[in-house]
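K.L.:
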Amino acid sequence: QSLVPFPVADPTMVNGEGKYHHISRSGEREQEIGERRSEGLGEEGKEESKSISQRYSRAQSNRGVAKMTMFYLFLALAVTFGVGIIAGYAIFGQQHSNNNQSRGGHVPGTHGYYPVSGWLMERIYHSNPPICPWTSHPKSDPDCLWRYRRVERLRGNISTCSEPLKPTAKAYGHRGAALVAPEETVASFQIALESGAGFIECDASITKDLVFVCRHSTCDLHHTTDITQNHPNLLSKCSVPFTPKNDTHQASVRCCTFDFTLQELQTLCMIMDSNVNTNATQPQDYVIGPPAFRSPYIATSTCHPIVSFNDYLKFVSSHNKSAIPELKDTASDPLTEFLASEGKNIYFLADLLADRLLEAGFSGMGFGLRALGGGGQAEWEKAVLEGSIAVMQTFDARVARRWKSRQASSGIPVLYMWESNSNV
Numbered sequence: 402q403s404l405v406p407f408p409v410a411d412p413t414m415v416n417g418e419g420k421y422h423h424i425s426r427s428g429e430r431e432q433e434i435g436e437r438r439s440e441g442l443g444e445e446g447k448e449e450s451k452s453i454s455q456r457y458s459r460a461q462s463n464r465g466v467a468k469m470t471m472f473y474l475f476l477a478l479a480v481t482f483g484v485g486i487i488a489g490y491a492i493f494g495q496q497h498s499n500n501n502q503s504r505g506g507h508v509p510g511t512h513g514y515y516p517v518s519g520w521l522m523e524r525i526y527h528s529n530p531p532i533c534p535w536t537s538h539p540k541s542d543p544d545c546l547w548r549y550r551r552v553e554r555l556r557g558n559i560s561t562c563s564e565p566l567k568p569t570a571k572a573y574g575h576r577g578a579a580l581v582a583p584e585e586t587v588a589s590f591q592i593a594l595e596s597g598a599g600f601i602e603c604d605a606s607i608t609k610d611l612v613f614v615c616r617h618s619t620c621d622l623h624h625t626t627d628i629t630q631n632h633p634n635l636l637s638k639c640s641v642p643f644t645p646k647n648d649t650h651q652a653s654v655r656c657c658t659f660d661f662t663l664q665e666l667q668t669l670c671m672i673m674d675s676n677v678n679t680n681a682t683q684p685q686d687y688v689i690g691p692p693a694f695r696s697p698y699i700a701t702s703t704c705h706p707i708v709s710f711n712d713y714l715k716f717v718s719s720h721n722k723s724a725i726p727e728l729k730d731t732a733s734d735p736l737t738e739f740l741a742s743e744g745k746n747i748y749f750l751a752d753l754l755a756d757r758l759l760e761a762g763f764s765g766m767g768f769g770l771r772a773l774g775g776g777g778q779a780e781w782e783k784a785v786l787e788g789s790i791a792v793m794q795t796f797d798a799r800v801a802r803r804w805k806s807r808q809a810s811s812g813i814p815v816l817y818m819w820e821s822n823s824n825v
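The sequence shown begins at 402 in our numbering and counts up by one.
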């Protein structure tokens, strides 16, 4: 009875009082019962009590041996289990690690992406209405109405999609994942990758020593990095050093990638694309912070260094993704003036970007408009997700023509975009 997991009642009459005693796991109540029985039952009762006490002592001794035996048994099992875990990790964990390394790193989820329900993605769908810059009457413009309907259909499709984050060639990480991490940083690229992007984008901006870095604009460092807050020496080298607000002018500053060498740029920390305070009287007060639709938390968790174009290509290649760089700001006066001071022009930049892609092993694998027309769509999707494709983007028709003229040798598709008729 003393081994049961809860107390039980013993209905034995003790000293004629008819009391019930409960036997605990320790057996203390059993000994008490034996002692009380010996008090009122004479010599015969005492002998019986003595016998009970002796049996109790032997039982206690046996229990002690049993407990020690169980302890060592459990200890042996624990050691064996621990050794098994270590051995299993050494064998299978290393194999898993090697598999991850073979595809360039760890991507969560059994299929290389996070399994997330479509309805959840629809709930965080970007709620801003589509913009139709070609019209001032969006509610009556047929093309704008089509765009609205198209976006709404996409939203419905996302809601009922079973695998909304499954990797696809139809999605690419524009600036990485610029709403939740500093744009065009490794953290931003990683989130884009985990969100199913088949392509990862880098906006190629040139530095003072004529190498590319990933920045959405060549002249946005004053509101996408910590240069105004923490780097007064570099701030003085900007194309337009910080000028505080005065009686006649608002605060101003313009810092460009070509103002600095790659080594200098790598001392900066990237921040979320931020609003600025044009009433600032000192540099530390110039950057206010990101707008509400951008999350600042990943950006402030650590320093996110600038990514060189070569490191971007290594990241994309190591994760078996495809590259879709954009050559930035080739029509802007500050950049063309800098290039002229170096004896270069926009065609130097166009050739440099194409050459870097080819050197890194990217190509178009013979795909052109045929792939987007449907005939080669399946082959295109497969090639993109294998990480072997590059597409070159530009808003400059001159650059697009340059790339097309050498496409026979490069085989890399060209994506020409336009904002207005001025750059057609």
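By construction, the Cβ of each residue, glycine as well, lies at the ideal position given by its N, Cα and C atoms.
Fair warning: this is a prediction, and the values are worked out from it, not measured in the lab.
Using a 10 Å radius around the Cβ and a threshold of 16 neighbouring Cβ atoms, would you call Gly610 buried or exposed?
P.N.:
Just to set this straight, residue 610 is Asp in the shown sequence, not Gly. Looking at its Cβ environment, which holds fewer than 16 other Cβ atoms inside 10 Å, Asp610 is exposed.
K.L.:
With a threshold of 16 other CB atoms inside 10 Å of the CB of Ile532, please say whether the residue is buried or exposed.
P.N.:
exposed
K.L.:
What residues in its chain sit with their C-beta under 6 Å from that of Ser696, if we drop five residues either side in the sequence?
P.N.:
Val581
K.L.:
Can you give me the C-alpha to C-alpha distance between Glu727 and Leu566, rounded to a whole angstrom?
P.N.:
24 Å
K.L.:
Using 8 Å as the cut-off, can you tell me whether the region 581–594 makes contact with the region 606–625, which would need three or more C-beta pairs spanning the two stretches below that distance?
P.N.:
yes
K.L.:
Run the CB neighbour count on Val633, radius 10 Å, all protein chains shown included, and call it buried at 16 or more, exposed below.
P.N.:
The residue asked about is misnamed: residue 633 is Pro in this sequence, not Val. Classification for Pro633: exposed.
K.L.:
Leaving out five residues on either side along the sequence, give the residues of the same chain with a beta carbon under 6 Å from the beta carbon of Met793.
P.N.:
Trp804, Ile813, Val815
K.L.:
Whole angstroms is fine: what's the gap from Gln808's alpha carbon to Lys646's?
P.N.:
50 Å
K.L.:
Return the CA-CA distance between Trp819 and Ser640, expressed in angstroms with no decimal places.
P.N.:
Across the structure, Trp819 and Ser640 are spaced so that their CA atoms are roughly 27 Å apart.
K.L.:
Using the C-alpha atoms, what's the distance from Ala681 back to Gln667?
P.N.:
Computed Cα separation, rounded: 26 Å.
K.L.:
Helix, strand or coil for Tyr573? Go by DSSP, reduced to three states.
P.N.:
It is a strand residue.
K.L.:
Run the CB neighbour count on Ser810, radius 10 Å, all protein chains shown included, and call it buried at 16 or more, exposed below.
P.N.:
exposed
K.L.:
Considering Gly762, what are the terminal residues of the alpha helix (DSSP H) in which it resides?
P.N.:
From DSSP, Gly762 is part of no alpha helix (DSSP H); its letter is neither H nor E.
K.L.:
Can you tell me where the beta strand (DSSP E) holding Val614 begins and where it ends?
P.N.:
613–615
K.L.:
Any contact of the region 714–730 with the region 587–597, i.e. 3+ C-beta pairs under 8 Å?
P.N.:
yes
K.L.:
With a Cβ-Cβ cutoff of 8 Å, do His705 and Met671 count as a contact?
P.N.:
In this structure, Met671 lies closer than 8 Å to His705 by Cβ.
K.L.:
Go ahead and pull the three-state DSSP assignment for Arg807.
P.N.:
coil
K.L.:
Mind listing, in chain order, the continuous beta strand (DSSP E) runs of no fewer than 3 residues lying wholly within the region 606–642?
P.N.:
613–615
K.L.:
Let's test the definition: count the other Cβ atoms within 10 Å of the Cβ of Tyr698 and tell me whether it reaches 16, buried, or not, exposed.
P.N.:
exposed
K.L.:
How is Tyr687 classed by DSSP in three states: helix, strand or coil?
P.N.:
Here DSSP, grouped into helix, strand and coil, assigns Tyr687 to coil.
K.L.:
In chain order, what residues of the same chain have a beta carbon less than 7 Å from the beta carbon of Ala761, not counting five sequence neighbours either side?
P.N.:
Leu714, Ser718
K.L.:
Going by C-alpha distance, which of Val612, Val654, Pro692 is nearest Phe661?
P.N.:
Val612
K.L.:
Going along the chain, which residues of its own chain have a beta-carbon closer than 7 Å to the beta-carbon of Leu759, five neighbours each way excluded?
P.N.:
Ser811
K.L.:
Counting only the same chain and skipping the five closest in sequence on each side, list residues whose C-beta sits under 8 Å from that of Gln685.
P.N.:
Thr629, Gln630
K.L.:
How long is the line joining the alpha carbons of Cys603 and Cys656, rounded to whole angstroms?
P.N.:
So the alpha carbons of these two residues sit roughly 19 Å apart.
K.L.:
Take the Cβ of Arg576 as the centre, count every other Cβ of all protein chains shown within 10 Å, and call the residue buried at 16 or more, exposed below.
P.N.:
Label assigned to Arg576: buried.
K.L.:
Under three-state DSSP, which class holds Gly774?
P.N.:
Note that Gly774 scores 49 on pLDDT, short of 50, meaning its location in the model is unreliable; the coordinates nonetheless yield the value given after this. It is coil, neither helix nor strand.
K.L.:
Roughly how far, in whole angstroms, is the beta-carbon of Gly765 from the beta-carbon of Ala791, given that I think they are within contact range, below 8 Å?
P.N.:
7 Å
K.L.:
Pull up the DSSP beta-bridge partners for Ile601, would you.
P.N.:
Gly574, Ala724
K.L.:
What first and last residue would you give for the alpha helix (DSSP H) that runs through Val552?
P.N.:
543–560
K.L.:
Among the candidates Leu740, Val800, Ser541, Gly519, whose CA atom is the shortest distance from the CA of Glu564?
P.N.:
Gly519
K.L.:
Counting only the same chain and skipping the five closest in sequence on each side, list residues whose C-beta sits under 7 Å from that of Ser653.
P.N.:
Val641, Thr644
K.L.:
Quick check: Ser709 and Thr658, are their CB atoms within less than 8 Å of each other?
P.N.:
no
K.L.:
Ignore the nearest five residues each way along the sequence and tell me which others in Val677's own chain have a CB closer than 7 Å to its CB.
P.N.:
Same-chain partners within the cutoff: His624, Tyr687, Val688, Ile689.
K.L.:
Among all the DSSP beta bridges, which residues are the ones paired with Val815?
P.N.:
Met793
K.L.:
Assuming Pro691 contacts Asp674 (C-beta within less than 8 Å), just tell me the rounded distance between them.
P.N.:
6 Å
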